[in-house]
Amino acid sequence: MTVRAVARGVGHYLPEKVVPNAEFEKTLDTSDEWIRTRTGIERRHFAAPGETTSQMAEKAARRALEDAGLKPGDIDGIVLATSTPDLTFPSAATMVQAALGMQRGFAFDVQAVCAGFIYALATANAHILCGQAERLLVIGAETFSRILDWEDRSTCVLFGDGAGALVLEAAEGEGTPDDRGILSVDLNSDGRFRDMLYVDGGVSTGTTGKLRMQGNPLFRQAVEKLATTAHTALERAGLRPEDVDWIVPHQANLRIIKATAQRMNVPMDHVIVTVQDHGNTSAASIPLALSVGVRNGQIKRGDLLVTEAIGGGLAWGSVVLRW
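Residue numbers for the sequence shown, in our numbering: 26 to 348.
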């Protein structure tokens, strides 16, 4: 018998405020056409004043629990991926734990920027495989609108806010690629590329700071590293690209998504794309796309998925799972 971490439920939350590309034309030298052509983004959601990362995470978590037919008391722990927590500490995860009324188990944050949900999935998977937990909430939630430089047209048009959540549950498998659940994980980082994507604030500066990015170099790194990590994870699972039903990528840029799919020889009609509606929601990106894919009837039980992401650090990785 092999233990697998199986997806039991999924859900997401998006703030009410929708910001179309045209909104940026009022204050920046940009246009809807410029943004669409270079990124594929058409609109994004921004959190309301006072709306926090943990609040959005809680709403996504409740929807995932409802989808799973479970209650907060059935959950053993929370792993929350974010780079925009409400406070320096305590963790946003413990705030979600309290809001859900959970009085047992554990909760902590994972920070790997846009790759955060991949790292959170890998961490939750390890807890389940070692017997530390039977059911976990894995959440990605971000309020990137709070760290954007509104005078930098190369970055402020890219990002949005939101949250997505997944319930993972321990289940028995046969130890073959036909099992449901997480089949393999590949994680990587290289701190030499730190300056490609970072926030120029923190404890050392005494300020929150603003997001800074070197777009073209990051694009080249992203396409190469995302395709490589996906192939590595598939090989570890004993699978090939032609076995994949859906790629569920980090939704950063449509050109990156298309280039990565091409390198994997997976057609775009087998890729979940939500970047046009959400923009780049960092660690919330993949769980949002998973939830939308399930809701739209694209992702079905038994489908083989590859999720992959890259973010500041640089940190990148992928997870292969059967839904």
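We put the CB at the ideal spot given by N, CA and C, even for glycine.
Source: prediction; values computed, not measured.
- Residue 206 and residue 130 have their C-alpha atoms spaced approximately 22 Å apart.
- Rounded to whole angstroms, residue 218 and residue 242 show a C-alpha spacing of 10 Å.
- The C-beta separation of residue 348 from residue 326 comes to about 6 Å, placing the pair in contact by the 8 Å criterion.
- Under the 10 Å beta carbon count, residue 71 is surrounded by 16 or more other beta carbons and is classified as buried.
- In the DSSP assignment, residue 296 forms a beta bridge with 272.
- Judged by DSSP in its simplified three-state form, residue 127 adopts coil rather than helix or strand.
- In this structure, the straight-line span from the alpha carbon of residue 264 to that of residue 298 is close to 23 Å.
- Boundaries for residue 348: no alpha helix (DSSP H) harbours it, and the DSSP string shows neither H nor E there.
- Secondary structure note for residue 42: its beta strand (DSSP E) is the uninterrupted segment 42 to 45.
- For residue 308, same chain residues with a beta-carbon under 6 Å away, outside a window of 5 residues either side, are 106, 107, 141, 142, 165 and 167 in chain order.
- As DSSP reads the structure, residue 132 sits in a beta bridge with 103.
- Taken atom to atom, the span from the alpha-carbon of residue 339 to that of residue 221 is near 8 Å.
- Here the alpha carbons of residue 230 and residue 328 stand approximately 46 Å from one another.
- Non-local beta-carbon contacts of residue 34 in its own chain, meaning distances under 8 Å to residues more than five positions away in sequence, involve 89, 90, 91, 92, 93, 94, 95, 191 and 192 in chain order.
- As the crow flies, the alpha-carbon of residue 224 is around 9 Å from that of residue 337.
- When Cβ pairs closer than 8 Å are counted between the two stretches, the region 64 to 82 is seen to touch the region 287 to 305, the count reaching three or more.
- The Cβ-Cβ distance between residue 315 and residue 273 falls below 8 Å.
- Between the alpha carbons of residue 112 and residue 301 lies a distance of about 30 Å.
- Counting C-beta pairs closer than 8 Å gives fewer than three between the region 151 to 159 and the region 113 to 123, which falls short of the contact rule.
- For residue 33, there is no enclosing alpha helix (DSSP H); the enclosing beta strand (DSSP E) covers residues 27 to 38.
- The beta carbon of residue 292 sits closer than 8 Å to the beta carbons of 286 from its chain, once the five residues preceding and following it are set aside; these are given in chain order.
- Less than 8 Å divides the Cβ of residue 45 from the Cβ of residue 68.
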